[in-house]
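J.: Numbering (my numbering), first residue to last: 3 to 154.
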């Protein structure tokens, strides 16, 4: 049986918004990963009062397990509303677990241009990383067993 760990989101969003405020000096482009990161990106975009539009990525076609699990039945179009070449990207996701979703998102970002930098912001980082990917900004870190999941 999988156990779910409840996480209080509001306080974590306050912490992240505070941690991200210094980044406003480099005028980052916020991009959320569909589905978990998209709603977080919208909230942080609003809290940080960033004027440029917020983007979103659906990484369904970039996943490394696409041939094994097939296509997600809820594929959405990615929306990158401006040129990201030479821009600083703030990539948002809800939970960093294996790192594979973030790797897929970065691959898709590079199809849109060559950003100056990509910084990763997640609400929760948990153990179980399979790739050498770490969040630059993280609301909280959890050490969970493999039968546990984070519930937001």
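Think of the CB as a built atom: it goes at the ideal place given N, C-alpha and C, for glycine as much as any other residue.
Return the residue from the list 125, 132, 136 that minimises the CA-CA distance to residue 152.
T.: 125
J.: Can you look up residue 3 in the DSSP assignment and give me helix, strand or coil?
T.: Residue confidence for residue 3 is low, a pLDDT of 47 falling below 50, so the modelled location carries little weight and cannot support an answer.
J.: Can you tell me the Cα-Cα spacing of residue 17 and residue 10, whole angstroms?
T.: 12 Å
J.: Using only the heavy atoms of the ligand COA, determine whether one of them is closer than 7 Å to the beta carbon of residue 107.
T.: With respect to small molecules bound, the structure shown includes none, and the ligand COA cannot be examined in it.
J.: Can you give me the C-alpha to C-alpha distance between residue 143 and residue 128, rounded to a whole angstrom?
T.: 6 Å
J.: Could you tell me which residues DSSP puts in a beta bridge with residue 95?
T.: 124
J.: Runs of 3 residues minimum, wholly inside the segment 109-153: which ones carry the beta strand (DSSP E) assignment?
T.: 119-128, 139-144, 150-153
J.: Residue 92: which of 64, 57, 146, 149 sits nearest, CA to CA?
T.: 57
J.: Starting from residue 12, follow the alpha helix (DSSP H) in both directions and report where the run begins and ends.
T.: 11-22
J.: Roughly how many angstroms separate the alpha carbons of residue 54 and residue 78, rounded to a whole number?
T.: 21 Å
J.: Measure the alpha-carbon distance for residue 50 versus residue 19 and round it to whole angstroms.
T.: 7 Å
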